[in-house]
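A.B. asks: Protein chains in written order, with this note's numbering: chain A, 1 to 235; chain B, 1001 to 1235.
2 protein chains.
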Amino acid sequence: MATLNDTADLSFTASQGKGQADAPLTKPQAMVTVDIVVLTVQDWELKVLLIKRAHAPFQGYYALPGGFVRAEEALEDAAFRELREETGTEDLYLEQLYTFGDPGRDPRGQVVTVAYYALVPADRSPLLATTDVASAHWFPISGLPALAFDHARILACAVTRLRNKLEYTTVGFELLPRKFTLTALQRLHEAILGKALDKRNFRRKILSLGLVMPTKEMEATGRKPAQLYSFRQPG
Amino acid sequence: MATLNDTADLSFTASQGKGQADAPLTKPQAMVTVDIVVLTVQDWELKVLLIKRAHAPFQGYYALPGGFVRAEEALEDAAFRELREETGTEDLYLEQLYTFGDPGRDPRGQVVTVAYYALVPADRSPLLATTDVASAHWFPISGLPALAFDHARILACAVTRLRNKLEYTTVGFELLPRKFTLTALQRLHEAILGKALDKRNFRRKILSLGLVMPTKEMEATGRKPAQLYSFRQPG
DNA sequence: CCAAAAGTGTTAGGAGTACACCCATGG
DNA sequence: CCATGGGTGTACTCCTAACACTTTTGG
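1) Quick one: which residues of the region 84 to 114 of chain A get their C-beta closer than 7 angstroms to a C-beta of chain B? List them in chain order.
2) In terms of residues, what are the limits of the beta strand (DSSP E) holding Ser230 of chain A?
3) Closest by CA to Glu1082 of chain B, which one among B:Tyr1093, B:Arg1105, B:Phe1068?
4) I need the DSSP call for His189 of chain A, collapsed to helix, strand or coil.
5) Using a C-beta cutoff of 9 angstroms, does Glu1073 of chain B count as contacting chain A?
6) So which of A:Leu211, A:Val171, A:Phe202, A:Arg84 has the shortest CA-CA distance to Leu127 of chain A?
7) Could you tell me whether the region 169 to 176 of chain A touches the region 186 to 196 of chain A, where touching means 3 or more Cβ pairs closer than 8 angstroms?
8) Using a 10 Å radius around the Cβ and a threshold of 16 neighbouring Cβ atoms, would you call Pro1065 of chain B buried or exposed?
9) Please classify Met1031 of chain B: is it buried, with 16 or more other beta-carbons within 10 angstroms of its beta-carbon, or exposed?
10) Pick out the complete beta strand (DSSP E) segments inside the region 1169 to 1217 of chain B, 3 residues or longer, and give them in chain order.
11) Assign Ala1115 of chain B to buried or exposed, taking buried as 16 or more other Cβ atoms, counted over all protein chains shown, within 10 Å of its Cβ.
12) Tell me, please, which residues DSSP counts as bridged to Pro238 of chain A.
13) May I ask you to list, following chain order, the residues of the region 1044 to 1078 of chain B that have a beta carbon less than 8 angstroms from some beta carbon of chain A?
14) Given a threshold of 16 other Cβ atoms within 10 Å of its Cβ, counted over all protein chains shown, does Leu1211 of chain B qualify as buried or as exposed?
15) Go to Glu242 of chain A, then tell me how far its beta strand (DSSP E) extends in each direction, as first and last residue.
16) Does Lys28 of chain A get closer than 9 angstroms to chain B when you measure Cβ to Cβ?
17) Measure the Cβ-Cβ separation of Thr1033 of chain B and Val1159 of chain B and say whether it is below 9 angstroms.
18) What number of angstroms, rounded off, separates the C-alpha of Asn201 of chain A from the C-alpha of Gly1101 of chain B?
19) Between Val1032 of chain B and chain A, is there a C-beta pair that is closer than 9 angstroms?
20) For Leu197 of chain A, collect the residues of the same chain with a Cβ closer than 8 angstroms to its Cβ; drop the 5 residues on either side in sequence, then sort them by chain order.
21) According to DSSP, Leu1039 of chain B sits in a beta bridge with which residue or residues?
22) Pull the bridge partners of Thr33 of chain A from the DSSP assignment, please.
23) Please report the straight-line C-alpha distance between Ala1063 of chain B and Gln1029 of chain B, rounded to a whole angstrom.
24) Is the beta carbon of Ala1078 of chain B sitting closer than 9 angstroms to the one on Arg1070 of chain B?
25) From what residue to what residue does the alpha helix (DSSP H) around Phe58 of chain A run?
26) With DSSP as the reference, label Glu90 of chain A as helix, strand or coil.
27) Out of B:Arg1053, B:Phe1180, B:Asp1091, point me to the one whose CA is closest to Ser1135 of chain B's CA.
28) Quick one: what's Glu219 of chain A bridged to in DSSP?
29) So the candidates are A:Phe58, A:Lys216, A:Gly60; which of them puts its Cα closest to the Cα of Pro225 of chain A?
30) Quick check on DSSP: helix, strand or coil for Ala79 of chain A?
31) Looking at the strands, I want to know which residues DSSP matches up with Leu147 of chain A.
32) Buried or exposed: which applies to Glu86 of chain A, given that a residue is buried once 16 or more other Cβ atoms fall within 10 Å of its Cβ?
33) Run the CB neighbour count on Glu1316 of chain B, radius 10 Å, all protein chains shown included, and call it buried at 16 or more, exposed below.
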């Protein structure tokens, strides 16, 4: 079942323009937020970035980073902006996940949240813990505190999506440093899928995909030096 | 232009993270709509239900059925409500697709739309054309008119999703009558995927899945009568 | 009896899975 | 020299894909 390509086909173009005298909309409005499930792998465990809420509602609870979409701001731009505010970088894999809008999910009123998930390479995630957001911490997804709002559901949705995409795309690569050993890649997959994989089968499969190439470097940390690989750039 | 009324001033706070005094956000409200890509198969062609717009903007253009999410209404409820309004039934497969919120996608202002897609069984789709919405018509996916807003993009997104899900789920069943021949099922798959399939391989695969069972009826319309199948109910 | 669609098996290649040992190095 | 993780091959099964003829009926 290993199909490689997955990129969403957004090839059609929208017919633009034609806005004439606009009937001003006196229509129901809601608040729109983005929430971001920031995931990484540390110590071969899948972890999520959570922030302790300083204010009501759910004061003291942990929550996913997120915030309101500003006027005239694209959803994805809002997600990247929040990502930068909470993690200090925008240079991360980001993908829209699902949109949640059940009444009652936020006690302050009708809040529709567009959930995204982001992947932080393992070698960069320690940096994020030291950003200005003092109350942000990584939590292993097994072993979570109680979460604010419906964030537990959103998080579960993200983990499921990641597991599924791992099997037919190359998202896993977004969680590793630029150079990595095949064992590291395998540990990553095992951490996300939550099960052990056969070493020989895994290596054969990865190599047969032709997406990685050996570098000239070896990793000397272990006993026997391990070959470092990098992702073959498109082109 | 976009006269966003700001009646409800709830003075929200921007951050869920910074533990300091929060600058109240300007106007964190937007309009939220649902748009529904209603798909069916007629004459072994994948078709979509479009509605001719009676008012600006995009007056006279065809658009996906959709409308505003009401106060205190769940997104999915709004989608089902629109579905009933435009098609006369709610008893259809419905799945959230993606959320679009680019600034400028609606000339009237900031409108975030949560797109859904719905599947109408082939034997029920003719009924829908006769509902009260006189301007609603089925259009083959190849051979579309110019669409309002960014609806072409939303539609493309739905078709891609359907094609992908066809390969690893049973969504295809949602487009067929309760009893159907294997040839009909194959034609359906061919219509959606846009390519021919081998008859023997297709039948073997479908039967091996164990999801369908032969009924006691035959379809007499063709030359040689064909076995009618139905979906095996869970349990 | 002919046109039209229904139905049916075999083979070859590729992918996944299960499984056990030797190798290079640091301490 | 030994503990640790790196690295390798084979056999079996299963799924996929290619491929052609016979059967049943209506007209």
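In this text, a Cβ means the ideal position worked out from N, Cα and C, and glycines have one as well. Just so it is clear, the structure is predicted and the values come from calculations on it, not from any experiment.
C.D. replies: For this structure:
1) Glu86, Gln96, Tyr98, Thr99, Gly101, Asp102, Pro103, Arg108, Gly109, Gln110, Val112, Val114
2) 226 to 231
3) B:Phe1068
4) helix
5) yes
6) A:Arg84
7) yes
8) buried
9) buried
10) 1179 to 1181
11) buried
12) Residue 238 of chain A cannot be examined here, being either before or after the span of chain A that is shown, 1 to 235.
13) His1055, Ala1056, Pro1057, Phe1058, Gln1059, Tyr1061, Phe1068, Val1069, Arg1070, Ala1071, Glu1072, Glu1073, Ala1074, Leu1075
14) exposed
15) Residue 242 of chain A is absent from the structure shown; chain A starts at 1 and stops at 235.
16) According to the sequence as given, residue 28 of chain A is Pro; it is not Lys. It does: the Cβ of Pro28 of chain A has a partner Cβ on chain B nearer than 9 angstroms.
17) no
18) 43 angstroms
19) yes
20) Gln186, His189, Glu190
21) B:Val1048, B:Leu1119
22) A:Phe68, A:Thr113
23) 25 angstroms
24) yes
25) That residue, Phe58 of chain A, is in no alpha helix (DSSP H); it is neither H nor E in DSSP.
26) coil
27) B:Arg1053
28) A:Ala226
29) A:Lys216
30) helix
31) A:Tyr62
32) buried
33) What is shown of chain B runs 1001 to 1235, which leaves residue 1316 of chain B out entirely.
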